[in-house]
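Below you'll find the structure, written out as structure tokens, and then a few comments.
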Amino acid sequence: MRLLTGAELWSVAIFVVIFLLLVDLMHRRQHRTARYPPGPMPWPVLGNLLQIDFQNMPAGFQKLRCRFGDLFSLQLAFEPVVVLNGVTALREALVKYSEDTSDRPPLHFNDQLGFGPRSQGVVLAEYGAAWRQQRHFSVSTFRHFGLGKKSLEQWVTEEARCLCDAFAAYTGCPFSPTSLLENAVCNVIASLLYARRFEYDDPRFIKLQGSLKDTLKEEAGFLPMFLGVFPVLLRIPGLIGNIFPGQKAFATMLDELLTEQKMTWDPAQPPRDLIDAFLNEVEKAKGNPESSFNDENLRMVVADLFTAGMVTTSTTLSWALLLMILHPDVQRRVQQEIDEVIGQVQHPEMADQAHMPYTNAVIHEVQRFGDVLPLGVPHKTSCDIEMQGFLIPKGTTLITNLSSALKDETVWEKPLHFHPEHFLDAQGHFVKHEAFMPFSAGRRACLGEPLARMELFLFFTCLLQRFKFSVPDGQPRPSDHGVFGALTTPLPYQLCALPR
């Protein structure tokens, strides 16, 4: 085969550059009309990729909001993006135009991770019949296995007891609570998916959570977004395995657990858990190529529910304990309310929540201040929509800056400070604001919200019922500044848990 000469290589390079510039120009003309939301001037081909602060995207978006308003546009290579800011714009897009903004951008990573073209899951799935089928299945199956009933509440309460025992084992010595909180929340999801719990020192349990943490780290930053807008690069052999080893390892471990589950699954018996229920639906759907119940999609649904069900709740609990040691006066008031309503002997129950306005306010303020998922999950318009005088074309990716509502200075008295009184009226009754939307809103709001609320209340009250938390003697006061990544997490910290 003849090698290209230097002149020919230059000709090819010039052709590629001109082609990319023409494609870039075509995309810009398609979207940038007089009524398109304003935004920073993009570079050719790369767009605004080099102008985004990937170390702290919410703060960077706040600066752009000050320049361009509540709706501003970005160009990520050839992909048009509009960022929504403030409660009015967010609710208009997610609730008023819910039908038109519920789509998702395409999943470029799935094939390379081995999930296959028929796997979209339930969190990142395109809006349509398959998503409706999977969301209805997930919600109804969770309810069948106890969500909103005493059975699941008892399971969470039992896990809370195991968590408290793990805390007590440190006998008041300093330790980091993060991994223990992850263990407890992970076991709740495992109970729904696999009808089992893991011991906290189980090597495979530790490995599973480690690979999940690696996955979250790999999904944050410039490189994943760059590959997302240039998906052709994902076809480079070995790229995914080398750059995203955590995602490969997580998928492999889920496969192992699914294989074990299938070996004991009996379609003639009542389903033990969500996976059994899904396998039953796969059996029913054989011969129907239109059904979303297939082995490929099972892997993705399990991955979605496992990830979404664990990381946000455990991170919120980590924020909760950090804020308790930083605000001992708040901790004392919560424990006083626990003593008055529940006492020291009775286990907390969800029915107690209605009689504990201060504790409820503290949990909500932890979610608002911690701001765990500040940018939500991307949406995509399925038709042209008009918002606040702007025209957003069909096929535009929408970034929902939930942080802009949770930290809005026009709504909250002290938006940048931990202040439980944000959720209390003058008489001390609990009140909830429209701007409180950590679970997003509309049709694509988090399907695990009821479970998350149960876990947050029961784990938090059980821990504060049994322990007084404090900063270890001789250690500096921890910071309440978060670290932005796939989630906003607290900086690493230690605490002491002394029995009450």
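If you count the sequence shown from 1, you need to add 25 to reach this note's numbering. Glycine included, C-beta positions come from ideal geometry on N, C-alpha and C. Quick caveat, the model's predicted, so the values are computed rather than measured.
Q) Around the C-beta of S504, are 16 or more other C-beta atoms found within 10 angstroms, so that it is buried, or is it exposed? A) Translated into positions along the sequence shown, residue 504 becomes position 479. Exposed.
(Q) For a quick check, are the C-beta atoms of V508 and S465 less than 9 Å apart? (A) One-based indexing of the sequence shown puts residue 508 at position 483. One-based indexing of the sequence shown puts residue 465 at position 440. Result no, Cβ atoms of V508 and S465 do not sit closer than 9 Å.
Q: Go ahead and label S165 buried or exposed: buried means 16 or more other beta carbons lie within 10 angstroms of its beta carbon, across all protein chains shown.
A: In the sequence shown, the residue the question calls residue 165 occupies position 140. It is exposed - the Cβ of S165 has fewer than 16 other Cβ atoms within 10 Å.
Q) D396: buried (16+ other C-beta within 10 angstroms of its C-beta) or exposed? A) Counted from its first residue, the sequence shown places residue 396 at position 371. By the neighbour-count rule (16 or more Cβ atoms within 10 Å), D396 is buried.
**Q.** Option in L523, P501 and H389 with minimal Cα separation from H458
**A.** Looking up residue 458 in the sequence shown gives position 433. Looking at the Cα atoms, H389 is the closest of the given residues.
Q: Tell me whether N267 is buried or exposed, calling it buried when 16 or more other Cβ atoms sit within 10 Å of its Cβ.
A: Locating residue 267 in the sequence shown gives position 242, where the first residue counts as 1. So N267 ends up on the exposed side.
Q. Quick one: is M66 buried, meaning 16 or more other Cβ sit within 10 Å of its Cβ, or exposed?
A. As a position in the sequence shown, residue 66 is number 41, starting the count at 1. Label assigned to M66: exposed.
(Q) So, at 8 Å on beta carbons, what are the nonlocal neighbours of R160 in its own chain, with the 5 sequence-adjacent residues on each side left out? (A) Walking along the sequence shown from the start, residue 160 turns up at place 135. Around R160: V147 and L472.
Q.
Quick check on DSSP: helix, strand or coil for A185?
A. Locating residue 185 in the sequence shown gives position 160, counting from the first residue. If DSSP states are grouped into helix, strand and coil, A185 belongs with the helices.
Q | Same chain only: Cβ atoms within 6 Å of K493, ignoring 5 sequence neighbours per side | A | Within the sequence shown, the letter at position 468 stands for residue 493. Counting only Cβ-Cβ distances below 6 Å, and skipping sequence neighbours, we find L523 and R525.
Q. Taking Cβ to Cβ, would you say T182 is nearer than 9 Å to T240?
A. Reading the sequence shown from its first residue, position 157 is the one you call residue 182. Reading the sequence shown from its first residue, position 215 is the one you call residue 240. Against a cut-off of 9 Å, the Cβ pair of T240 and T182 comes out as no contact.
Q: Reducing DSSP to helix, strand and coil, say where G271 ends up.
A: Taking the first residue of the sequence shown as 1, we reach residue 271 at position 246. Here G271 sits in helix by DSSP.
Q. With which residues is D128 paired in a DSSP beta bridge?
A. Your numbering for residue 128 matches position 103 in the sequence shown. Its beta-bridge partners are K405.
Q.
Once the 5 residues before and after L516 are set aside, which same chain residues still bring their CB inside 8 Å of it?
A. Position 491 of the sequence shown holds residue 516. Taken in chain order, the residues that qualify are P503, S504, H506, G507 and V508.
Q: Could you name the residues of the same chain whose beta carbon sits closer than 6 Å to that of Y518, not counting the 5 residues immediately before and after it, in chain order?
A: For the purposes of this step, residue 518 is identified with residue 493 of the sequence shown, where counting begins at 1. Excluding positions up to five away in sequence, the list reads L347 and P503.
Q: May I ask which residues mark the beginning and end of the alpha helix (DSSP H) holding L398?
A: Numbered from 1 along the sequence shown, position 373 holds the residue referred to as residue 398. That residue, L398, is in no alpha helix (DSSP H); it is neither H nor E in DSSP.
Q | Exposure label - V326; buried when at least 16 CB within 10 Å | A | As a position in the sequence shown, residue 326 is number 301, starting the count at 1. With 16 or more Cβ atoms within 10 Å of its Cβ, V326 is classed as buried.
Q.
DSSP has K493 in a bridge; who is on the other side?
A. Along the sequence shown, read from residue 1 onward, the residue named residue 493 stands at position 468. DSSP output for K493 lists L523 as bridge partner(s).
Q) Closest by CA to M250, which one among S407, L488, E104 and Q452? A) Indexing the sequence shown from 1 puts residue 250 at position 225. It is E104.
Q) For S98, does the three-state DSSP call read helix, strand or coil? A) Stepping through the sequence shown from its first residue, residue 98 is reached at position 73. Residue state, collapsed to three classes: strand.
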